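The structure under discussion appears below in the form of structure tokens.
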Amino acid sequence: MVEVLSGGMHTTIQDMGRFGYRAQGVPVSGVMDRFSARLSNKLLGNAEGAAVMEITHIGPVLRFTQPTLIAITGAGFSPTCNDVEIPLNTRVLVAADAVLKFGLPNYGLRAYMAVLGGFQTEYIMGSYSFYEGVTQKTSLTSGDVLPILAIPLAKEKTTASVKIDRTVFENRYLEVLKGAEFDQLSKSFQEKLVRTSAVVSSKSNRMAYLLEGFQGIKASEIITAPVQPGTVQLMPSGHCAVLMRDAQTTGGYARILQLTEGAINILAQKRAGDQVEFYLKE
Amino acid sequence: MNTAPDIQRFGMHGVQISFPSEISFEVHRHVLAWQEAVIAGFSEKIVDVVPAYHSLAVFLKEHVNLGAFIDELKDLSVSETETAISSHCITVPVCYDETFGLDLKELSEAKGISIEHIIQKHTAPTYQVYFLGFLPGFPYLGGLDTQLSHPRKSTSRPKIAKGAVAIGGSQTGIYPMASPGGWNILGRTPLEMFNPQATSPTLVMPGDYIKFRRISMKEFDAIASKLAMGTYSVEKEVYHG
Numbered sequence: 001m002v003e004v005l006s007g008g009m010h011t012t013i014q015d016m017g018r019f020g021y022r023a024q025g026v027p028v029s030g031v032m033d034r035f036s037a038r039l040s041n042k043l044l045g046n047a048e049g050a051a052v053m054e055i056t057h058i059g060p061v062l063r064f065t066q067p068t069l070i071a072i073t074g075a076g077f078s079p080t081c082n083d084v085e086i087p088l089n090t091r092v093l094v095a096a097d098a099v100l101k102f103g104l105p106n107y108g109l110r111a112y113m114a115v116l117g118g119f120q121t122e123y124i125m126g127s128y129s130f131y132e133g134v135t136q137k138t139s140l141t142s143g144d145v146l147p148i149l150a151i152p153l154a155k156e157k158t159t160a161s162v163k164i165d166r167t168v169f170e171n172r173y174l175e176v177l178k179g180a181e182f183d184q185l186s187k188s189f190q191e192k193l194v195r196t197s198a199v200v201s202s203k204s205n206r207m208a209y210l211l212e213g214f215q216g217i218k219a220s221e222i223i224t225a226p227v228q229p230g231t232v233q234l235m236p237s238g239h240c241a242v243l244m245r246d247a248q249t250t251g252g253y254a255r256i257l258q259l260t261e262g263a264i265n266i267l268a269q270k271r272a273g274d275q276v277e278f279y280l281k282e
Numbered sequence: 283m284n285t286a287p288d289i290q291r292f293g294m295h296g297v298q299i300s301f302p303s304e305i306s307f308e309v310h311r312h313v314l315a316w317q318e319a320v321i322a323g324f325s326e327k328i329v330d331v332v333p334a335y336h337s338l339a340v341f342l343k344e345h346v347n348l349g350a351f352i353d354e355l356k357d358l359s360v361s362e363t364e365t366a367i368s369s370h371c372i373t374v375p376v377c378y379d380e381t382f383g384l385d386l387k388e389l390s391e392a393k394g395i396s397i398e399h400i401i402q403k404h405t406a407p408t409y410q411v412y413f414l415g416f417l418p419g420f421p422y423l424g425g426l427d428t429q430l431s432h433p434r435k436s437t438s439r440p441k442i443a444k445g446a447v448a449i450g451g452s453q454t455g456i457y458p459m460a461s462p463g464g465w466n467i468l469g470r471t472p473l474e475m476f477n478p479q480a481t482s483p484t485l486v487m488p489g490d491y492i493k494f495r496r497i498s499m500k501e502f503d504a505i506a507s508k509l510a511m512g513t514y515s516v517e518k519e520v521y522h523g
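Each protein sequence line maps, in turn, to chains E and V. Going by the numbering used here, the letters in the first sequence line up with residues 1 to 282, in that order. Going by the numbering used here, the letters in the second sequence line up with residues 283 to 523, in that order.
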């Protein structure tokens, strides 16, 4: 088991998402940065959909009651195990009673920690992903106990690791497709959208990232229609809301652009104050 | 009317099927017929089908070729009259006591209609569930008496109670869980609109119908305790709108 000694800022359990319930208004949820999360599972040989821990900005403090293998990917935290620094993007053996700390990231925002076999927390409506109103927990707090599998560990040295191209975290360009209402924008608004250096607002969260700096761009509201993670909505304020994994399933604002899967992963690692720019995929 | 819908790519791995841009039962019937046809014809290729007022989104499994799927949809012939959509009418008991109906008084003053009349007008229609969205299990209902139509509040409440029955513009709906919101609150139902533990997590589905039945505070408490004990059965009947 993994005991939570301190929850950190917003630590959750996520998998690749909850599918099959969007017609009932249930968001997809799941890991914000699929690229990093997939990698953490891959390093351990887990199934792609194994539940991982998503760690946001301020990491948790955890105690392992049993030995297991872990892999931490994503944002540049400096994790320690019993106060000894451990590497990122590497398979690491932790002993029983080990205490794991994360501290703060020096690049990126979200890290992923996989454990061997995946976290065995509440599985509901086809997913482990935390979501208010669906799962009992919405974020981890001290005192929580997370079951993990007891898998006999091989004696061999565990050295699997990968080199990560950090430019993914520095990349400010978000690849987009035209949204359903893109053609309703004037030519000058269309051009302005892709030439603006926008700023990530501090109001951003797992539901949506709010981007500011598109002053003057306007579109009429629409009859409420389906939306999905990555949909860029133009708000009456002139800001753009980029819907993320916990987004509602329908919305009434113009859907001007749609982020590609890779762009959602990049945006998921941005913090308040970071700058981003849209560019149209041809 | 056998309108050919507009079929467009929707994001990286989805398709949007849309009909004339209006809120009407007529247009929505096409949405439901296409939802049914897509689920029946392509269940092994899709992960989610999300209906709304005049459009529906189809989200595909990763291995499905998007271009080929769009071509298949364009060849599909769907007749909304032949589709046998099985709907239910669910009776939703609502207590319109002012302890719950926080905006009844304000609405009555703004409209110049007595609270009694507001309740009568709200319980009279059989509402159609257009679709679910905003929150898990939140029904967008069509059929509100135009006289009850009222703009959303200028400032949202930070917390609207679970079960609140409310009016926002020309729509009426039910909050399935506590949430911030700007709709005008008329009353509260003790029913669970959303239960993630249940085999069918939402009380209603798109295409179903809802009828509000006025109950007293005493009945509200009685139904709530029956629900807690698992002895309450929801009034539900097959309905042909």
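Positions of the beta carbon are idealized from the N, C-alpha and C atoms, including for glycine. For clarity, every value in this text was computed on a predicted model and none was experimentally measured.
Secondary structure note for aspartate 353 of chain V: its alpha helix (DSSP H) is the uninterrupted segment 348-357. Glycine 293 of chain V belongs to the set of residues whose beta carbon lies under 8 Å from a beta carbon in chain E. Residues of the region 480-502 of chain V that bring their beta carbon within less than 9 Å of a beta carbon in chain E comprise Ser482, Pro483, Thr484, Met487, Pro488, in sequence order. Under the DSSP assignment, glutamine 317 of chain V falls in the alpha helix (DSSP H) whose first and last residues are 307-324. For arginine 22 of chain E, a Cβ of chain V is located within less than 8 Å of the residue's own Cβ. For arginine 195 of chain E, the enclosing alpha helix (DSSP H) starts and ends at 187-195. Leaving aside the five residues that flank valine 516 of chain V on each side, the residues in its chain whose CB is nearer than 8 Å to its CB run, in chain order, Ile372, Thr373, Leu473, Leu485. When the beta-carbon positions are compared, glutamine 317 of chain V and valine 331 of chain V come within less than 8 Å of each other. Contact of glutamine 410 of chain V with chain E by beta-carbon distance below 8 Å is absent, the smallest such distance being about 15 Å. The Cβ atoms of phenylalanine 214 of chain E and glycine 251 of chain E do not sit closer than 8 Å to each other.
In the three-state reduction of the DSSP assignment, leucine 257 of chain E falls in the strand class, which pools E and B. In this structure, aspartate 33 of chain E places its C-beta atom within 8 Å of the C-beta atom of alanine 268 of chain E. In the structure shown, valine 520 of chain V falls within a strand segment according to DSSP collapsed to helix, strand and coil. At a cut-off of 8 Å between beta-carbon atoms, alanine 180 of chain E makes contact with chain V. Look at glycine 424 of chain V: its C-beta is not under 8 Å from any C-beta on chain E.
If the five residues before and after glycine 179 of chain E are omitted, its C-beta is found closer than 8 Å to the C-beta atoms of Thr231, Val232, Ala254, Arg255, Ile256, Leu257, Gln258, all from its own chain and listed in chain order.
Glutamate 398 of chain V: not part of any beta strand (DSSP E); member of the alpha helix (DSSP H) spanning 397-405, first to last residue.
Take serine 139 of chain E, set aside five residues on each side of it, and the residues of its chain with a beta-carbon closer than 8 Å to its own are Gly7, His10, Thr11, Thr12, Phe130, in chain order. Here isoleucine 492 of chain V is buried: its Cβ has 16 or more other Cβ atoms, across all protein chains shown, within 10 Å. Where serine 6 of chain E is concerned, the enclosing beta strand (DSSP E) starts and stops at 2-6. Using a Cβ-Cβ cut-off of 8 Å, valine 134 of chain E is close to Pro418, Pro478 of chain V, given in chain order. The beta carbon of threonine 408 of chain V sits closer than 6 Å to those of Tyr491, Lys493, all from its chain and outside the five residues before and after it, given in chain order.
With its beta carbon at least 8 Å from every one in chain E, tyrosine 457 of chain V lies outside the interface. Between valine 92 of chain E and leucine 69 of chain E, the gap from beta carbon to beta carbon is short of 8 Å. If the five residues before and after arginine 38 of chain E are omitted, its C-beta is found closer than 7 Å to the C-beta atoms of Glu48, all from its own chain and listed in chain order.
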